[in-house]
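Here is the structure we will look at.
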Amino acid sequence: MTLQLRAVAIYSHSGERRDVDFVLGRLNIVTGASKTGKSALLDIVDYCWGRGECTIPEGEIRRSVSWFSILLDRDGEGILIARKNPGPAGKASDEIFFERGVEGFPDTPQPFVKNVTADGLRAQLSMVLGIAENKHVPEPGSTRAPLEASASQAIFFCLQAQDEIASRRLLFHRQGEQFIPSHIKDTLPYFVGAMGEDHYLQRMRYDEARARLRRLEREYAEARALANEASGTAQSLLQEAKRVGLLAPDVLADSTADLRALLASAAAPRELAYARNDDPAADLTDLENRRRRLRGELQEVREEIADVQRLEREASEFQVEAREQQARLASIGLLADDSGDAATCPLCDSHLATPIPSVSDVRKSLTALEGQLQSVRRDNPRLQARQADLESRRNTLEDQLKTVQADILTRISENERLRIEQDQFTEQARTAGRIGYYLENARTVASDEGIRLAIARARAEVSELEQLLDQEALEERLTTALGIVGRDLTRYARLLELEHGDNPLRLDRKNLTVVADTIDGPLALPQIGSGENWVGYHVAAHLAMHGLFRARNRPVPAFLMLDQPSQAHYPPERDVGEIDGKGDEDQAAVARLYRLLFEYCAEHYPNMQIIVMDHVELLEDWFRDSTVQRWRDNIKLVPLSWLRST
0 MTLQLRAVAI YSHSGERRDV DFVLGRLNIV TGASKTGKSA LLDIVDYCWG
50 RGECTIPEGE IRRSVSWFSI LLDRDGEGIL IARKNPGPAG KASDEIFFER
100 GVEGFPDTPQ PFVKNVTADG LRAQLSMVLG IAENKHVPEP GSTRAPLEAS
150 ASQAIFFCLQ AQDEIASRRL LFHRQGEQFI PSHIKDTLPY FVGAMGEDHY
200 LQRMRYDEAR ARLRRLEREY AEARALANEA SGTAQSLLQE AKRVGLLAPD
250 VLADSTADLR ALLASAAAPR ELAYARNDDP AADLTDLENR RRRLRGELQE
300 VREEIADVQR LEREASEFQV EAREQQARLA SIGLLADDSG DAATCPLCDS
350 HLATPIPSVS DVRKSLTALE GQLQSVRRDN PRLQARQADL ESRRNTLEDQ
400 LKTVQADILT RISENERLRI EQDQFTEQAR TAGRIGYYLE NARTVASDEG
450 IRLAIARARA EVSELEQLLD QEALEERLTT ALGIVGRDLT RYARLLELEH
500 GDNPLRLDRK NLTVVADTID GPLALPQIGS GENWVGYHVA AHLAMHGLFR
550 ARNRPVPAFL MLDQPSQAHY PPERDVGEID GKGDEDQAAV ARLYRLLFEY
600 CAEHYPNMQI IVMDHVELLE DWFRDSTVQR WRDNIKLVPL SWLRST
């Protein structure tokens, strides 16, 4: 399986498309003047691969482009990834489009709708690459979390940006960022094939087998301890059973058989002393409600008695006043009639200054007063009868209230008793469960040796898996893989005529650098001078690693993107244009580098693709044939028409 890059495409805000096509399985060169957008091709691939930050430089591209997209090729299958431009000063966009089985780019970005997240995209790419389940578990005591190799780490071996390829301290893509070096180190054993495809499954089996073995050994030890009467466990359980009331305090066990019989009797199931459907809380609530209702009724009766007593008191006072009035008016009977003048006194016939009521009027008032007194005398027995009834009702309610209050106190007492019984039953049940567990395990160990056989099998499985997962064997396989890389690295360094290239070279996994083993000791890349050597060793190391990836069919993309590999001889601001590769040492070094890249692709055809962005042009037929884009004379990644419209 190989995954290579068919093309890169960008879309304008008005929907126009600009393609940069590549040839599979060979060297692809994009040459041109500075500031034409060559370096942005690598950033576009990195961004569309799911990177969390868009590193495409601010300027014409970020202002003029709406969507970035790449078209991958997996053994003939087209895989399209498009990601929206976050815009000037934007960090990244979460609008990502992913589709498999496509033939090419759509004419416009209209079909691009978000159908995957960044994490989902990386998971899809891991599946496309064929990355099996894996996990690197750091050594005990390490603060690093376990890490699963994925497409996120695979891309580190495929990209060399302009500021990385000429660095003497950074060998891999994004190595200078936090946590990235540890991720490269932890996933390198998987990607070079030192960790088998079934390593993760074996690790899971090993962890499960170890956990099972520990469980069986623990159960066996506990069961043996329970079965050993000399340990005192059985006697301790017997005393506890007596304490909680499962056994009589005076029972004794004269033998082991008696002791087990007593424990079995204590562990026998038993029922609670109270009914299961008895709900003390519900009964208490009903009584509280009843007491509240009786108090309300009693209050109403007391208020009505007070009202009746008030009426009786008022009637009595009225009757007294009325009788006094009647007595005062009784003398009116002495008068014969009321035919006299109202201004003349009926007794002495003297003249009165103020007229007085007539005798007939006084007699009418006296008659009315007598009627009112008779009415009061009639109502008084009824009020007394009503008061008697109300007092009787009051006495009945007070008796009922006393009864309910007594019932409440009784229920509270019963509830406390039931709580104590429940607590005691719970403690008894706990003790009975421990006794039952003891008896079961003691019986099992005494009568069944199956657990010993299970432990033996688990130990054999753990031992077998430990041999398969032997860390020393893994390190040996990793050393072998890196040895193959070092062999090819040395060969490519000699072809490039790099300084110290005559010495054995190796890839230092711990420090992620190239080391030359000289007669005077090891020399790391930072100790080897000149930009030509730094670029050369970067190229040689990546070619050597991809040679191992391809030979072992590892799940790493089969393309390598290099940005400005000639910068050590011709800085980007120095646009030398065409060179014949023979004029001076710089031209010769550049020619050797490109010739190695060309022959490397030819050697590994069709399983390796190299894409180079540079500003030099060799006057060689093979170089011209490898050139897929030439950006000069106002030809850039972003067409001028897009800039004018923007």
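First residue of the sequence shown: 0, per numbering that gives the first Met the number 0; consecutive thereafter. For glycine and all other residues, C-beta sits at the position ideal for the given N, C-alpha and C.
For His541, the closest alpha carbon among the candidates Ile527, Val250, Gln159 and Asp249 is that of Gln159. The continuous stretches of alpha helix (DSSP H) do not include Ser13, and DSSP gives it neither H nor E. For Gln608, the enclosing beta strand (DSSP E) stretches over residues Gln608 to Asp613. Nearest to Ser264 by alpha-carbon distance, out of Gly435, Gln109, Ser151 and Asp162, is Gly435.
Using a Cβ-Cβ distance cut-off of 8 Å, the stretch 575-594 and the stretch 632-642 are not in contact, since fewer than three pairs of beta carbons, one from each stretch, lie closer than that value.
Fully contained in the stretch 143-205 is no beta strand (DSSP E) run of length 3 or more. Contact check between the stretch 232-244 and the stretch 485-504: fewer than three CB pairs, one atom from each, fall below 8 Å, which does not count as touching.
Secondary structure of Arg508 (DSSP, three-state): coil. In the DSSP annotation of this structure, the continuous segment of the beta strand (DSSP E) that includes Asn27 starts and ends at Leu26 to Gly31. One alpha carbon belongs to Asn114, the other to Gly100, and they sit about 15 Å apart. In this structure Asp562 is in contact with Ser38, their Cβ atoms being roughly 5 Å apart against a cut-off of 8 Å.
Cβ atoms of Leu70 and Phe104 come within 8 Å of each other, at about 6 Å. Residue burial is scored here from C-beta neighbours: Val112 has fewer than 16 other C-beta atoms within 10 angstroms and is therefore classed as exposed. Distance check between His545 and each of Asp282, Leu522 and Gln608 places Gln608 closest, using alpha-carbon atoms only. Cβ neighbours of Val64 within its own chain (closer than 6 Å, five residues either side excluded): Ile9 and Asn84. Note on geometry: alpha-carbon atoms of Pro525 and Ser166 lie some 9 Å from one another. Taking 3 residues as the minimum length, the beta strand (DSSP E) runs contained wholly in the stretch 19-95 are 26-31, 64-73 and 76-83, in order along the chain.
Residue state for Gln399 is assigned as helix, using DSSP reduced to three classes. Of all C-beta pairs linking the stretch 0-17 to the stretch 130-140, fewer than three are shorter than 8 Å, placing the two stretches out of contact. By the 16-neighbour rule on beta-carbons within 10 angstroms, Glu176 is exposed.
With fewer than 16 other beta carbons inside 10 angstroms of its own, Ala210 counts as exposed. Counting C-beta atoms within 10 angstroms of its own C-beta, Met612 has 16 or more neighbours from the protein chains shown and is therefore classed as buried. Partner residues in the beta bridge of Gly520, as assigned by DSSP, are Thr517.
Taking 8 Å as the cut-off, the Cβ atoms of Thr30 and Ala557 do not count as close. The Cβ atoms of Leu495 and Gly535 sit closer than 8 Å to each other.
The Cβ-Cβ distance between Cys47 and Leu559 does not fall below 8 Å. Checking the DSSP bridge columns, you'll see Ala6 partnered with Asp20 and Leu70. The DSSP-derived three-state label of Leu389 is helix.
Within the same chain, Cβ atoms closer than 6 Å to the Cβ of Ala515 are found at His499, Asn502, Leu504 and Leu522, the five residues on either side in sequence being excluded. Distance from Leu79 to Glu98 at the Cβ level is roughly 5 Å; contact confirmed, criterion being Cβ atoms closer than 8 Å.
The DSSP-derived three-state label of Val300 is helix.
Secondary structure of Glu465 (DSSP, three-state): helix.
Note: Arg629 is bridge-paired with Thr30 in the DSSP secondary-structure output. Closest in C-alpha terms to Lys90, from the list Val19, Gly49 and Leu596, comes Gly49. Across the set Val513, Trp66 and Leu23, the C-alpha of Trp66 shows the shortest separation from the C-alpha of Glu15. Around the beta carbon of Val19, 16 or more other beta carbons sit within 10 angstroms, so the residue counts as buried.
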